[in-house]
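Following my numbering, the numbering of the sequence shown begins with 1 at its first residue and continues without gaps.
Where is the CB? At the ideal position from N, CA and C, for every residue including glycine.
All of these numbers come straight from a predicted model, not from anything done at the bench.
To start, the structure itself, in structure tokens.
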Amino acid sequence: MSTSAMSALQRLGGRRLFSSTAARPKHAQLPAALEERVSKALDGMRAAGTFKSERVIATPQRASIEVQGAARSVLNFCANNYLGLADHPQVVERASSYLHRWGNGLSSVRFICGTQTIHKQLEDQISAFYGGAARDTILYASCFDANAGVFESLLAEGDAIISDALNHASIIDGVRLCKAQRFRYANGDIHDLERQLQRANAAGCRVKMVATDGVFSMDGVIAPLKDVCDVAERYGALVLVDDAHATGFVGATGRGTGEYWGVADRVHVVNSTLGKALGGASGGYTTAHPLLVSLLRNTSRPYLFSNTLAPSVVGAAAAALDLVDNAATRTPLLERLWANAALFRARMADAGFVLAGKDHAIIPVMLGDARVAAQMADALLRRGVYVIGFSFPVVPRDRARIRVQLSAAHEPEHVNHAVDAFIEVGRELGVI
Numbered sequence: 001m002s003t004s005a006m007s008a009l010q011r012l013g014g015r016r017l018f019s020s021t022a023a024r025p026k027h028a029q030l031p032a033a034l035e036e037r038v039s040k041a042l043d044g045m046r047a048a049g050t051f052k053s054e055r056v057i058a059t060p061q062r063a064s065i066e067v068q069g070a071a072r073s074v075l076n077f078c079a080n081n082y083l084g085l086a087d088h089p090q091v092v093e094r095a096s097s098y099l100h101r102w103g104n105g106l107s108s109v110r111f112i113c114g115t116q117t118i119h120k121q122l123e124d125q126i127s128a129f130y131g132g133a134a135r136d137t138i139l140y141a142s143c144f145d146a147n148a149g150v151f152e153s154l155l156a157e158g159d160a161i162i163s164d165a166l167n168h169a170s171i172i173d174g175v176r177l178c179k180a181q182r183f184r185y186a187n188g189d190i191h192d193l194e195r196q197l198q199r200a201n202a203a204g205c206r207v208k209m210v211a212t213d214g215v216f217s218m219d220g221v222i223a224p225l226k227d228v229c230d231v232a233e234r235y236g237a238l239v240l241v242d243d244a245h246a247t248g249f250v251g252a253t254g255r256g257t258g259e260y261w262g263v264a265d266r267v268h269v270v271n272s273t274l275g276k277a278l279g280g281a282s283g284g285y286t287t288a289h290p291l292l293v294s295l296l297r298n299t300s301r302p303y304l305f306s307n308t309l310a311p312s313v314v315g316a317a318a319a320a321l322d323l324v325d326n327a328a329t330r331t332p333l334l335e336r337l338w339a340n341a342a343l344f345r346a347r348m349a350d351a352g353f354v355l356a357g358k359d360h361a362i363i364p365v366m367l368g369d370a371r372v373a374a375q376m377a378d379a380l381l382r383r384g385v386y387v388i389g390f391s392f393p394v395v396p397r398d399r400a401r402i403r404v405q406l407s408a409a410h411e412p413e414h415v416n417h418a419v420d421a422f423i424e425v426g427r428e429l430g431v432i
């Protein structure tokens, strides 16, 4: 570039825009009050045993993985990889083919230039999975985004949202964004749900929506969805279910808690994820009446202001749905998953551990003390079993636990090894 051109670029209207001799700015400094507050909060977490450190995995997600710092491969019992599809050859191949055929990404939100034919095809595939013509589907970057965008769009001032007390944080955050009146009922308590619906009626609320997790993932408990639907219908309320920990593997054909309870046709809105049983990558969706989905496409802020799903993610999800929708591939996966869960639960109960949950692949081992949970997780890792201790604020105080998650990728010998390690560590720590 010539000297005159450089001079012109450096000046605009007499103002110098940059200078090669300008002093480099110093790094931005934290205000002392903020630094002190954050440091104190982190020190408190460490003292209480609730500070969370991330272990780094050096392999694809599967039953046996390598973790940085571990002396050997370890068995993974803490992933949401319920069907073992995260590294399934058909899922990986489809993701790769979509990447090469459709590119890495769209560099756009959906309504500008971010919708390819594959996005519409996946939405149609999900709608068909839930019953077809009576439903439409909208894709999000995550189920968290689906929950963040649904309430503000569908509910207005003068409406009511009645939410289970143990709903996922994304539902709680989504509810905070909407102007509807908020009512909360005790976890799974149908009588309290009815009381809150009565309160909503007394307040003159026009549209009422009951929101519940399909599965409460910290407890491994399936929501009493039939009872929820029965009560909601008596009061003319819609039902929304976050089925993230059920889609693909709960119910006879993996269609979630609605199928499990036989009320799929009575649930108005299903929010779920592509990032757990359905391939383990990312992405979420809302499936509902086409009228509601049309409104979400036009008003749901996480949808309108987030990039569209990457083609590789779309391809992986489509392949995972194909596997779940085909009885020949679905049946052996479900049989292996539930056999593993039954084996783990039976042997752990016989050994004297306190277990939460029922009829699910999430089996929490209840410990109470956060330090004990962290110590047990570390000791199990040394014995080749990768699990995580959960404590406050993820779960209530004094309700710390290790949440074990079974997968169709596990073999019986994996499960038996894990139980043997739990028994050994449990005796060392005085848990059993």
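Between the C-alpha atoms of E157 and L75 there is a straight-line separation of about 50 angstroms. The continuous stretches of alpha helix (DSSP H) do not include V74, which lies in the beta strand (DSSP E) extending over residues V74 to N76.
Taking the C-beta atoms as reference points, V239 is found nearer than 7 angstroms to A232. For a cut-off of 8 angstroms, the C-beta gap from G149 to R297 is around 10 angstroms, too long to register as a contact. Per DSSP, D192 is one residue of the alpha helix (DSSP H) stretching across I190 to A202. The segment 123 to 131 and the segment 313 to 323 touch, with no fewer than 3 CB-CB distances between them shorter than 8 angstroms. Counting only runs that start and end inside the segment 236 to 317, the alpha helix (DSSP H) elements of at least 4 residues fall at 257 to 261, 290 to 299 and 301 to 304.
In this structure the segment 310 to 317 does not lie against the segment 377 to 384, because fewer than three pairs of beta carbons, one per stretch, are closer than 8 angstroms. Here the segment 133 to 149 makes no contact with the segment 179 to 193; the two share fewer than three CB pairs at distances below 8 angstroms. Positions of the beta strand (DSSP E) runs, each at least 3 residues long and wholly inside the segment 356 to 395, are given as 362 to 368 in order along the chain. The C-beta distance from T299 to S391 rounds to 38 angstroms, too long to fall under 8 angstroms, and the pair is not in contact. A straight-line Cα-Cα distance of about 20 angstroms links A180 and L291. Bounds of any beta strand (DSSP E) do not take in M218, whose DSSP letter is neither H nor E.
A residue is called buried when at least 16 other Cβ atoms come within 10 angstroms of its Cβ; R110 meets this threshold and is buried. Between V415 and F344, the C-beta gap is smaller than 7 angstroms, which places the two residues in contact.
Under the criterion of beta carbons closer than 8 angstroms, S272 and D243 qualify as touching, at roughly 4 angstroms.
Per DSSP, the continuous beta strand (DSSP E) segment holding V404 begins and ends at A400 to Q405. Taking the C-beta atoms as reference points, L406 is found no nearer than 7 angstroms to G248.
CA-CA distance, D350 to A421, rounds to 14 angstroms. M348 has its alpha-carbon roughly 26 angstroms from the corresponding atom of G256. Distance from I402 to I423 at the Cβ level is roughly 13 angstroms; contact not present, criterion being Cβ atoms closer than 8 angstroms. Pairing L333 with A361 gives a Cβ-Cβ distance that is not under 7 angstroms.
Leaving aside the five residues that flank L193 on each side, the residues in its chain whose CB is nearer than 6 angstroms to its CB run, in chain order, Y185 and V231. Checking the DSSP bridge columns, you'll see V38 has no partner listed. Between A165 and K208, the CB-CB gap reaches or exceeds 7 angstroms.
With the rule of 3 Cβ pairs closer than 8 angstroms, the segment 102 to 118 does not count as touching the segment 259 to 270. The criterion of a C-beta distance shorter than 7 angstroms is satisfied by F77 and A418. Going by C-alpha positions, T287 is about 8 angstroms away from Y130.
A370 sits close to T50, with the two beta carbons spaced by under 7 angstroms. Residue range K208 to D213 is occupied by the beta strand (DSSP E) that includes A211. According to DSSP, S163 shares a beta bridge with R184 and A211.
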